[in-house]
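67 is the number that this note's numbering gives to position 59 of the sequence shown; each next residue is one higher, with no gaps.
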Amino acid sequence: MTFNIGDRIVYRDSNRHGVYITGVIIDIWRNSRDLITGYFAKLDSGVFVHIQPDNNKWYKEVEPIFIV
């Protein structure tokens, strides 16, 4: 999955009984061939993390849909 700067992200930690961690993408790292080599994100807790592009545990956060 490809992220863009400003995308809200969510991570579900199955090792911690399904705890969700959320944050926002603040930078994208690319190599000389313009391939994405990593993402830099700020979590809602204030912690900054490096995310590998092949880590399939991170997802774009989807806005909830309410049905009236």
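For each residue, glycine too, the CB sits at the ideal point set by N, CA and C.
* **Unbroken beta strand (DSSP E) run spanning residue 38, endpoints** => Counted from its first residue, the sequence shown places residue 38 at position 30. It spans 27-38 - the beta strand (DSSP E) in which residue 38 sits, taken as one unbroken run.
* Asked: Are residue 29 and residue 38 touching if we call contact CB-CB under 8 angstroms?
  -> As a working mapping, residue 29 is identified with position 21 in the sequence shown. As a working mapping, residue 38 is identified with position 30 in the sequence shown. Not in contact: residue 29 and residue 38 (Cβ atoms no closer than 8 angstroms).
* Backbone secondary structure at residue 20 - three-state DSSP -> The residue you call residue 20 lines up with position 12 of the sequence shown. Here residue 20 sits in strand by DSSP.
* Asked: Where does residue 11 fall in DSSP's three states?
  -> Locating residue 11 in the sequence shown gives position 3, where the first residue counts as 1. Note: residue 11 maps to coil in three-state DSSP.
* Asked: How close, in whole Å, do the beta carbons of residue 126 and residue 11 come, if the pair is a contact with beta carbons under 8 angstroms?
  -> Missing from the structure shown is residue 126; the chain here goes from 9 to 76 and no further.
* **Where residue 26 falls, given that 16 or more other Cβ within 10 Å makes a residue buried** => The count along the sequence shown starts at 1 and reaches residue 26 at position 18. Its Cβ having fewer than 16 others within 10 Å, residue 26 is exposed.
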